[in-house]
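As structure tokens, the structure follows; a few thoughts come after it.
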Amino acid sequence: MRFLLTLSLAAMLVFLPGCSEKPTDDQGAGSTAVTPDQNACVIDFQPRDLAVGQWISYGVDQDPAEVTFSVVAREAVAGTDCFWIQIEAGGNALQILIDPVLLGEAMDKASEAANEFLADPEAFVQTNAPGTPQQFLTTEDNLQNFMTFVSAVKMVKMSENGTIMAYDLTNVPATLQPVLQDPDFLAQLQAGFTVNMQGADAAGMTDSLARKLSEYEFDAENTTMNIAGATLEGSSFTITGTDRNAEVFFSSELPIFPLAFATATDSTGKTHSISVRGYGDEGAENLIPGAPAQTVDIAPMIQMLITQMQSQMQQAPARGAGGQ
21 MRFLLTLSLA
31 AMLVFLPGCS
41 EKPTDDQGAG
51 STAVTPDQNA
61 CVIDFQPRDL
71 AVGQWISYGV
81 DQDPAEVTFS
91 VVAREAVAGT
101 DCFWIQIEAG
111 GNALQILIDP
121 VLLGEAMDKA
131 SEAANEFLAD
141 PEAFVQTNAP
151 GTPQQFLTTE
161 DNLQNFMTFV
171 SAVKMVKMSE
181 NGTIMAYDLT
191 NVPATLQPVL
201 QDPDFLAQLQ
211 AGFTVNMQGA
221 DAAGMTDSLA
231 RKLSEYEFDA
241 ENTTMNIAGA
251 TLEGSSFTIT
261 GTDRNAEVFF
271 SSELPIFPLA
281 FATATDSTGK
291 THSISVRGYG
301 DEGAENLIPG
311 APAQTVDIAP
321 MIQMLITQMQ
331 SQMQQAPARG
341 AGGQ
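Residue 215 in our numbering sits at position 195 of the sequence shown, and the numbers go up by one each step.
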């Protein structure tokens with residue numbers, strides 16, 4: 021669990037770096053904007069081309085436990101070559117069938133958003149979440165990128181008590197698309213986020229976040245780092261503040277994921293890090309070989325959850341009116 025939490029932290033951190041110190045010129049002493057000539061480093065989440073045999077292992081702090089991502093097989097879906105990505109930790113494994121073209125589109129969009137953020141963090145927050153930070157979740161661009169990512173995931177496979185089970189996600193995008201294009205549903209969803217803030221000053225949260233960002237310095241440089249016994253070229257991004265610091269290093273020389281190293285120090289001085297323990301272009305072992313005994317279509321389950329959510333949203337205003 022601690023590994024997953026740290027991995028999630030690292031994933032969030034990659035959206036926060038910038039490529040220079042805060043300028044003190046005519047943009048203002050507190051500006052987080054990055055001038056064009058300073059923006060030499062860019063964030064790129066695009067992985068290398070996937071190929072069967074690739075693998076990469078990550079570990080947290082000094083914990084000997086590792087999680088390994090591997091490309092173990094290729095399978096055509098609707099005429100597109102897709103790849104089975106295996107995730108293994110502690111002897112347990114599952115596999116995800118990925119469309120590399122759609123995954124690449126999603127990573128390009130994520131890279132664009134991250135670079136827009138680093139160009140001017142405060143302006144990015146004010147533009148994309150003028151009311152509350154939760155509005156990030158329902159912007160048109162984020163919803164579209166979410167759909168692209170969901171469309172990239174075709175199937176999940178795992179072994180349950182020795183029986184191989186597969187879960188088909190190919191119909192999930194068509195199930196989600198109508199509700200994510202429904203303005204009433206999105207408005208209710210956004211209202212739900214606001215209610216769940218339990219009385220917080222929702223209107224002032226974006227301004228508060230923007231002010232907080234102005235207290236940090238965002239820096240970056242093209243550099244090298246020793247990763248798993250090899251010197252890799254890449255980009256190092258750092259966030260420096262009075263209460264916490266973070267650094268993330270990306271390298272396109274790595275297979276599957278460009279994330280090589282991430283570390284974060286919190287306000288208590290505790291530091292946690294995630295780093296690559298090993299990687300290669302050959303040698304990945306398929307731990308779930310063979311065809312599944314059963315394939316389950318996930319779309320009906322998703323539709324059931326959507327229907328339940330819509331029902332709860334419709335009942336919420338009625339309960340609120342009855343309590344007044």
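All residues carry an ideal CB built from backbone N, CA and C; glycine is no exception.
Small disclaimer: the values here were computed from a predicted structure and weren't measured.
{"Asked": "Report the residue from Ile-322, Thr-288, Phe-277 whose alpha carbon sits nearest the alpha carbon of Trp-75.", "Found": "Phe-277"}
{"Asked": "Quick one: measure Cβ to Cβ for Val-192 and Ile-308, integer angstroms, because I've assumed they're closer than 8 angstroms.", "Found": "Between Ile-308 and Val-192 the Cβ distance is about 21 angstroms, and since that is not below 8 angstroms, they are no contact."}
{"Asked": "Can the beta-carbon of Phe-103 be found less than 8 angstroms from the beta-carbon of Pro-84?", "Found": "no"}
{"Asked": "Rounded to a whole number of angstroms, what is the C-alpha to C-alpha distance between Gln-4 and Ala-126?", "Found": "As shown, the chain starts at 21 and ends at 344. That puts residue 4 outside it, with no answer to give."}
{"Asked": "For Thr-183 and Val-97, I'd like the C-alpha separation in whole angstroms.", "Found": "23 angstroms"}
{"Asked": "Note the first and the last residue of the continuous alpha helix (DSSP H) segment covering Ser-131.", "Found": "120 to 139"}
{"Asked": "Given a cut-off of 8 angstroms on the beta-carbon distance, is the pair Leu-138 and Ser-171 in contact?", "Found": "no"}
{"Asked": "Compute the Euclidean distance between the alpha carbons of Gly-298 and Glu-86, then round it to the nearest angstrom.", "Found": "10 angstroms"}
{"Asked": "Should Ser-228 be labelled buried (16 or more other beta-carbon atoms within 10 Å of its own) or exposed?", "Found": "exposed"}
{"Asked": "Would you list the residues sitting across from Ile-116 in a DSSP beta bridge?", "Found": "Ile-105, Val-176"}
{"Asked": "Take Arg-264 as the anchor and find which of Lys-177, Thr-283, Gly-249, Phe-270 has the nearest alpha-carbon.", "Found": "Thr-283"}
{"Asked": "Please classify Arg-264: does DSSP put it in a helix, a strand, or coil?", "Found": "coil"}
{"Asked": "Could you spell out where the beta strand (DSSP E) holding Gln-314 opens and where it closes?", "Found": "314 to 317"}
{"Asked": "DSSP three-state label for Leu-307, please.", "Found": "coil"}
{"Asked": "State the CB to CB distance for the pair Leu-163 and Leu-200, rounded to an integer number of angstroms; the pair is presumed to be in contact (CB under 8 angstroms).", "Found": "5 angstroms"}
{"Asked": "With Thr-285 as the anchor, note down where its alpha helix (DSSP H) starts and where it stops.", "Found": "First-last for Thr-285: 279 to 285, but that is the beta strand (DSSP E), not the alpha helix (DSSP H)."}
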